[in-house]
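I have placed the structure first, in the form of structure tokens, so that the comments after it can refer back to it.
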Amino acid sequence: MKYLFIAGKWAPAADDGTSQTINPFDATPLDTVAEASAADVDAAVTAAREAFDDGPWRQSTVTDRAALLAKIADLLQRDREQLARTESLDTGKTLNEARADVDDTTAVFRYYAGIAGSHAGRVVDPGRLHVTSRITHEPVGVCALIAPWNYPLLQISWKLAPALAAGNTAVIKPSELTPLSTVALVGLFEEADVPPGVVNLLLGQGATVGQALVAHRGVDLISFTGGLATGEAIMAAAARGVRRVALELGGKNPNIVFDGTDFDTVVDNALTAAFLHSGQVCSAGARLIVQDSLHDSFVAELAARADRIRLGRGLDPETECGPLISAAHRAKVERYISLGQAQGAELLAGGSRPAQPPLAQGFFLRPTVLGGCHRDMTVVREEVFGPVVTVERFSTEDEAIRLGNDTSYGLAGAVWTSDAGQAERVAGALRHGTVWINDYHPYLPQAEWGGFGQSGIGRELGPSGLDEYQEKKHIYHNTSPAPAHWFSG
Ligand code: NAD
């Protein structure tokens, strides 16, 4: 049984509500989880409010906060195997990917521990005598941090590490589908003696617990990663009371391949771009855009290799792709594949569920390649968030850029070319928050991550990821006050 963590204590829901988390590999129950009530949401926000307004945390130095984050990084590494196993069971992803997630999470805590003290305000030269002027960075207050199910540990940490570095308090809510690694992370904070109320954990459904959390007027800032429709609802909720809001939403990411690059390298990376974590990655290279002269051989090889991807249990070292997160999500992905075919796409690989046991029990879907696609197809325009890659073709550089930008999203994209000038031209022209040249998927804690267009508002990671959690205050000090003489009476 997993509990809520409010004001430094683990507790069941006030009304004893619970739910089950499911192993997507075989649809069996994994654990029982408290399902927070409205009273719990209020208690968590109140605890965070009191810790921010009156608790010892407010008096903490940046050195104290950096030490806490560094301690969490150490504990994450100590528990690396166990955390990776938990994440693999809960999400279905491979153990190797889950280990990489724990390492990336550790790196994020270390990064913000490192820059917390150096990301200070500044002294301003006021250009006049007897005045000093400075900009101070101050925490925003109580932060509601809401994460999705695809990278549970990592996504919450992209928010929690900078929020705490800046001196805020937090109420965190993982996805109801994958809460287990976040519960373990909160356990590490407890072990590291975080003051009561600084980190609070709510568990439960988005439509109830998440909704009540973002509506709570004790919350000063909402940072959300998840789907577009939820992001729109959260932005509307944040408008009431003019609370700060940061959104990391979906993507429809172009992966542009020019002729002349090493064939095997590009095919191999196109598979990783599209099918890592069964394509349930916000920055997945789900939209392949391939130059005419290369197209046919490239697509044939891609489809053949997609067919050979080994599906299985995340904990099995032979597995290359796990299941999708739920039956409902798989059904949604299947609808996109059918719609794509109805609109003229050609099914070149996958498109069906594996029939053999034990895979037939879980939420598996074979890696799917759809050829002959064009931008008017729904499957090309909308985020599918599954193991589906669509292939379009182009002939000129201008056409590639136009296609790559022909999306309402703008999270990430890549260009593959052996021409350095072309690489820079295309990368410069793409309207996406991250552009990879001759690579796909790597990111750095030091480098900003976020979306153009409807992929979101704000940035995570890098110094901007800390800025999100800070108010900037100008302090103007007149050291020799005198009458202003605006009024004569
Ligand atoms: P989702 O929007 O369904 O849920 C995300 C979180 O929001 C969950 O914790 C959920 O419980 C909560 N939630 C749902 N409704 C809510 C509401 N009304 N008020 C408050 N909270 C609510 O998204 P998901 O299906 O969990 O995640 C998949 C989406 O996340 C994809 O669109 C993906 O592209 C996106 N994503 C984006 C990034 C990024 O960096 N931009 C990273 C990972 C995932």
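If you use the working numbering, the sequence shown corresponds to residues 883 to 1371, in order.
In this text, a Cβ means the ideal position worked out from N, Cα and C, and glycines have one as well.
Bear in mind the structure is a predicted one, so any value in this text is a computation, not a measurement.
Delimiting residues of the beta strand (DSSP E) encompassing residue i
i: Asn1082; result: Val1081 to Leu1083
i: Glu1228; result: Glu1228 to Ala1231
i: Ile1104; result: Leu1103 to Thr1107
i: Ile888; result: Leu886 to Ile888
i: Arg981; result: Not the beta strand (DSSP E): Arg981 falls in the alpha helix (DSSP H), residues Leu977 to Ile997.
i: Val1006; result: Arg1004 to Val1006
Residue i CB to nearest heavy atom of ligand 1 below 8 Å
i: Cys1203; result: no
i: Leu1103; result: no
i: Ser1039; result: no
i: Val990; result: no
i: Leu1042; result: no
i: Glu969; result: no
i: Lys1055; result: yes
i: Tyr1033; result: yes
i: Cys1164; result: yes
i: Glu1330; result: no
i: Leu1095; result: yes
i: Gln964; result: no
i: Leu1293; result: yes
i: Ala896; result: no
i: Phe1245; result: no
i: Ile1191; result: no
i: Gly1100; result: no
i: Ala949; result: no
i: Glu1342; result: yes
Beta carbon of residue i nearer than 9 Å to that of residue j
i: Gln1352; j: Ala1152; result: no
i: Gln964; j: Ala1066; result: yes
i: Gly1319; j: Thr1289; result: In the sequence as presented, Gly is not what sits at residue 1319; that position holds Ile. It is not a contact, given that the beta carbons lie outside the stated cut-off.
i: Phe934; j: Pro1021; result: yes
i: Tyr1218; j: Val1163; result: no
i: Asp898; j: Pro1327; result: no
i: Leu1252; j: Gly1222; result: yes
i: Ala980; j: Thr973; result: yes
i: Val1091; j: Ala918; result: yes
i: Leu971; j: Leu1197; result: yes
i: Leu1247; j: Glu1216; result: yes
i: Gly1132; j: Glu1265; result: yes
i: Arg1192; j: Cys1203; result: yes
i: Glu1058; j: Leu1085; result: yes
i: Phe991; j: Leu951; result: yes
i: Phe1140; j: Ala1302; result: no
Residues bridged to residue i (per DSSP)
i: Gly1338; result: Glu1130
i: Val1024; result: Thr1051
i: His1359; result: Thr1014
i: Ile1319; result: Val1297
i: Trp892; result: Phe887
i: Lys1354; result: His1019
i: Leu1042; result: Looking at the DSSP assignment, Leu1042 forms no beta bridge with any residue, so it has no partner.
i: Leu1193; result: Cys1203
i: Trp1031; result: Note: Trp1031 sits in no beta bridge, so no partner.
i: Trp881; result: Within the shown structure, residues of the chain are numbered from 883 to 1371, placing residue 881 beyond reach of any answer.
Host alpha helix (DSSP H) of residue i (start-end)
i: Lys1214; result: Ala1209 to Ala1224
i: Ile1116; result: Leu1110 to Ala1121
i: Leu1348; result: Gly1344 to Asp1349
i: Ala966; result: Arg962 to Thr973
C-beta neighbour in chain D for residue i, strict 9 Å
i: His1256; result: This model lacks chain D altogether; it includes just one protein chain.
Ordered list of beta strand (DSSP E) runs contained in the region 1054-1095, each at least 3 residues: Taken in chain order, the unbroken stretches of beta strand (DSSP E) that lie wholly in the region 1054-1095 and span 3 residues or more are 1081-1083.
Residue ranges of each beta strand (DSSP E) within the region 1235-1302, 3 or longer: Those beta strand (DSSP E) runs which fall completely within the region 1235-1302 and span 3+ residues are 1250-1253, 1270-1276 and 1294-1298.
Ranges of the alpha helix (DSSP H) found wholly within the region 897-960, counting only runs of at least 4: DSSP assignment within the region 897-960 yields the following whole alpha helix (DSSP H) runs of 4 residues or more, N-terminal first: 920-935 and 944-960.
Alpha helix (DSSP H) runs contained entirely in the region 1134-1174, provided each spans 4 or more residues: If we require 4 residues or more, the alpha helix (DSSP H) runs fully inside the region 1134-1174 come out as 1145-1157.
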